[in-house]
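Student: The sequence shown begins at 117 in our numbering and counts up by one.
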Amino acid sequence: MIKGNKIYQQSIEELCEEYRANNVITKEQFEKFGVKRGLRNDDGTGVVAGLTRVCNVHGYLIEDGQRIPDEGRLVYRGISVADIIEGCEKEDRFGFEEVVWLLIFGKLPTQSQYDRICKMLFENRDLPEYFLEDALMKTPSKDIMNKLASAVLALYTYDDNPDDLSLENNMRQSLSLISKLPAIMTHSYQVKRRHFDRESIFFHPFDPNHSTAESILNALRPDMKFTRQEAKLLDTCMILHAEHGGGNNSTFTARVVTSSGSDIYSSIAAAIGSLRGPKHGGASYKVLAMMKDIMENVKDWTDEEEVGAYLEKILCKEVGDKSGLIYGIGHAIYTLSDPRATILKTKAGDLAKETGFDKELALYELVEALSPQAFKKVTGYDKVVSANVDFYSGLVYQMLGIPQDLLTPMFAVSRISGWCAHRIEELTTGNRIIRPAYQALPQKHGYLSMAERE
Numbered sequence: 117m118i119k120g121n122k123i124y125q126q127s128i129e130e131l132c133e134e135y136r137a138n139n140v141i142t143k144e145q146f147e148k149f150g151v152k153r154g155l156r157n158d159d160g161t162g163v164v165a166g167l168t169r170v171c172n173v174h175g176y177l178i179e180d181g182q183r184i185p186d187e188g189r190l191v192y193r194g195i196s197v198a199d200i201i202e203g204c205e206k207e208d209r210f211g212f213e214e215v216v217w218l219l220i221f222g223k224l225p226t227q228s229q230y231d232r233i234c235k236m237l238f239e240n241r242d243l244p245e246y247f248l249e250d251a252l253m254k255t256p257s258k259d260i261m262n263k264l265a266s267a268v269l270a271l272y273t274y275d276d277n278p279d280d281l282s283l284e285n286n287m288r289q290s291l292s293l294i295s296k297l298p299a300i301m302t303h304s305y306q307v308k309r310r311h312f313d314r315e316s317i318f319f320h321p322f323d324p325n326h327s328t329a330e331s332i333l334n335a336l337r338p339d340m341k342f343t344r345q346e347a348k349l350l351d352t353c354m355i356l357h358a359e360h361g362g363g364n365n366s367t368f369t370a371r372v373v374t375s376s377g378s379d380i381y382s383s384i385a386a387a388i389g390s391l392r393g394p395k396h397g398g399a400s401y402k403v404l405a406m407m408k409d410i411m412e413n414v415k416d417w418t419d420e421e422e423v424g425a426y427l428e429k430i431l432c433k434e435v436g437d438k439s440g441l442i443y444g445i446g447h448a449i450y451t452l453s454d455p456r457a458t459i460l461k462t463k464a465g466d467l468a469k470e471t472g473f474d475k476e477l478a479l480y481e482l483v484e485a486l487s488p489q490a491f492k493k494v495t496g497y498d499k500v501v502s503a504n505v506d507f508y509s510g511l512v513y514q515m516l517g518i519p520q521d522l523l524t525p526m527f528a529v530s531r532i533s534g535w536c537a538h539r540i541e542e543l544t545t546g547n548r549i550i551r552p553a554y555q556a557l558p559q560k561h562g563y564l565s566m567a568e569r570e
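1) Tell me which residues share the same chain as residue 171 and place their Cβ nearer than 6 Å to its Cβ, disregarding the 5 neighbours each side in the sequence.
2) I believe residue 524 touches residue 392 by the beta-carbon criterion, under 8 Å. Please report the beta-carbon distance rounded to the nearest angstrom.
3) Checking 8 Å against the spacing of the C-beta atoms, do residue 154 and residue 546 come in under that value?
4) When the Cα atoms are used, what is the spatial distance from residue 506 to residue 403?
5) Going by alpha carbons, who is nearest to residue 508 out of 406, 184 and 271?
6) Measuring CB to CB, does residue 512 end up less than 8 Å from residue 463?
7) Taking the DSSP output, what are the residues bridged to residue 500?
8) Excluding sequence positions up to five away, which residues of its chain have a Cβ less than 8 Å from the Cβ of residue 347?
9) Looking at the unbroken beta strand (DSSP E) that takes in residue 177, where does it start and where does it end?
10) If you pair each beta-carbon of the segment 255-271 with each one of the segment 204-222, do three or more pairs fall below 8 Å?
11) Below 8 Å between beta carbons: does that hold for residue 291 and residue 267?
12) Tell me whether the segment 434-446 and the segment 492-503 touch, counting them as touching only if at least three CB pairs, one residue from each stretch, are closer than 8 Å.
13) Measuring only the C-alpha atoms, how far is residue 310 from residue 269?
14) Please name the residue or residues paired with residue 182 in a DSSP beta bridge.
15) Rounded to the nearest angstrom, what separates residue 476 and residue 149 at their Cα positions?
16) Whole angstroms are fine: how far does the CA of residue 177 sit from the CA of residue 450?
17) Residue 282 lies in the alpha helix (DSSP H); which residues open and close that run?
18) Determine the burial state of residue 374: buried for a count of at least 16 other Cβ atoms within 10 Å of its Cβ, exposed for fewer.
19) CA-CA distance, residue 296 and residue 242?
20) Looking only at its own chain, which residues have a Cβ that is under 8 Å from the Cβ of residue 321, when we skip the five neighbours before and after it?
21) So, is residue 521 buried or exposed, given that buried needs 16 or more other C-beta atoms within 10 angstroms?
22) Can at least three beta-carbon pairs, one atom from the segment 422-440 and one from the segment 477-497, be found at a separation below 8 Å?
23) How is residue 187 classed by DSSP in three states: helix, strand or coil?
24) In its own chain, which residues sit with a C-beta less than 8 Å from the C-beta of residue 563, not counting the 5 before and 5 after it?
25) In chain order, which continuous runs of the alpha helix (DSSP H) of length 4 or greater are located wholly inside the segment 237-322?
26) Could you give the residue range of the alpha helix (DSSP H) that holds residue 164?
27) Counting along the chain, where does the alpha helix (DSSP H) carrying residue 350 start and finish?
28) Can you say whether residue 147 is buried or exposed, counting buried as having 16 or more other CB atoms within 10 angstroms of its CB?
29) Give the DSSP-derived three-state secondary structure of residue 569 in the structure shown.
30) What span of residues does the alpha helix (DSSP H) with residue 528 cover, start to end?
31) Looking at residue 515 and residue 468, is the spacing between their C-beta atoms short of 8 Å?
32) Does residue 388 come out as helix, strand or coil in the three-state DSSP assignment?
33) Starting from the C-beta of residue 223, find all residues in its chain whose C-beta is less than 6 Å away, skip the five residues before and the five after it, and write them out in chain order.
34) Count the other CB atoms, across all protein chains shown, that sit within 10 Å of the CB of residue 235; report buried if there are 16 or more and exposed otherwise.
35) Just to confirm, is the Cβ distance from residue 558 to residue 305 under 8 Å?
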C-alpha cells in the first residue's frame, strides 16, 4: 500500500473506527475515580506537583475555597518582572542577560557578573564546526520549532561529556544552550528561506558588543540595521517570555524528563516539542489568523457593535476556524490581567504609529475590551477573562519585522533560560523520578483462540 492512495486511506479509517470502538473513557468515569484531568483541580487550579524558588505566577486569590479574581503578577526569584523591565529602562540597558543570571543563580547580577554573563553568552553563541552544514543545511525543515528540537538533540553528539549530571556540567551545558539557541533559530530560518521559499540566504557574523536581542535582529535583517528602540522592545519580549513557573506545560516537561536522569539535550528538546503545541506557545499563530479574519470581514474596525457582533459569531462557531474560541483571551491562572500582555500592549503603543500599525493596535484593544461581554452574552457565564501574552506578542513581532515562522521559536529562545533554571533545580532538589498514577479501568476478558474471535 502506498501512503496517500485510497486503499491505504480506507484502511487507516477502518483502523481508527476499531480503536474508537474499544477505547472509550467517559467524563463520568474520570469523575468517579476523582481523576484530575490535565493535573487540574475542579476549580481550574493546578495540582501542586513540586516546589520551586525560580518563579511565582499570581492571578487570583482563594477565599472560602473559591477563586477570587485579582490583578496578575509575574515574579522572577522574588522580583516583579515589571520592576525588572522598569529598572532596565531607567538605566537604558538590555535586560534579558541579567534575567538569565537571575533565574539560574537566584539573585540579580552585580556589574561585573552582568558583564561576565554577557561575555559568556557571546563566546558560546557560535555553533560547533560543520554543525551549520551537517545539522541544519543538509536537513532543512519548514517548521523552525521542529528544527530547533532536532538541532538541540544533535548537539549531544558534539558534547564530550553529555551525560554527566553534576551541577558543574549542567551549568556549562545550560549556558551553552541558552547562547546557541538564537543562532540555531536564525540560521535554520535562513536555510528554510533558501530551500522552501527560494529566497536569498545570508549568515551575518555576531558582534561581541550586541545583546541577545540585537544579535537576533542583526541575523534577521539583510542590511543588519535596526534601531535601539526596536532592539529594546525585542529584549522586553524576551524578558517576559523567559519564565512562567514550573507548572507550565513545557517547563513541566523539562522537569519530568530531567527527573528520569536523562541528559539536558533530551530535556530541552522535549520542552521545545511541548511549547510547539497550539495550546501552549503556538497560540500566537492562532491569534494572528483570527485577527486577520476579523480584519477581512469587519468593515469598520472602530465600530463597537460590528466588532462585538463578529466576536459573538466566533463564539457561536459560525465564522473563523469555527472552534468557538477567541484566541488570546483568557488564561489558566491570570484573571483580571496578564502582566505580560499589559506590558506588551504599552510597548506596542510606543512603536505602533512609527511602524504604521496604529489602526491594527486599536482593533486589538477593541477586541480585548469587547470579548468579556461577548462571552457573557453567548454563554451566559459572567467569567472574568482578559488578554494573555499571546494576544499581543504576534502583533509586536510583526511591528519588529520578525517573520511569522519565528513567533514560537522566539518564545523558545527566551524560555530556554527558565527551562535550564528548572532543570538545575530539579537535579539539585528533586532527586525523585516524577511518576504520577493512572487508574486502570476494570476489565475482565478471557483469552480466546484465533478461531473464537469475532
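Heads up, the beta-carbon is just placed ideally off N, CA and C, and yes, glycines get one too. Just so we're clear, the structure is a prediction, and the values are computed from it rather than from any experiment.
Tutor: With the structure as the only source:
1) Cβ neighbours of residue 171 beyond the five flanking positions: 192, 359 and 361.
2) 6 Å
3) no
4) Going from the Cα of residue 506 to the Cα of residue 403 covers about 7 Å.
5) Distance check between residue 508 and each of 406, 184 and 271 places 406 closest, using alpha-carbon atoms only.
6) Contact flag set, yes.
7) Paired residue(s): none; residue 500 is not in a bridge.
8) Excluding residues within five positions, the ones whose Cβ falls inside 8 Å are 210, 327, 329, 330 and 333.
9) 171-179
10) Segment contact: the segment 255-271 against the segment 204-222, fewer than three CB-CB distances shorter than 8 Å; contact not assigned.
11) Cβ atoms of residue 291 and residue 267: not closer than 8 Å.
12) yes
13) 23 Å
14) Looking at the DSSP assignment, residue 182 forms a beta bridge with 179.
15) 48 Å
16) 11 Å
17) Careful: residue 282 lies outside any alpha helix (DSSP H) and carries neither H nor E.
18) buried
19) Roughly 7 Å separates the two Cα atoms.
20) none
21) buried
22) yes
23) Assignment of residue 187 by DSSP, reduced to helix, strand and coil, places it in the strand class.
24) Cβ within range, chain order: n/a, list empty.
25) Listed in chain order, they are 260-271 and 283-312.
26) Run containing residue 164: none; DSSP gives neither H nor E here.
27) 344-357
28) exposed
29) Secondary structure at residue 569: coil, using DSSP grouped into helix, strand and coil.
30) Residues 523-541.
31) yes
32) helix
33) none
34) exposed
35) no
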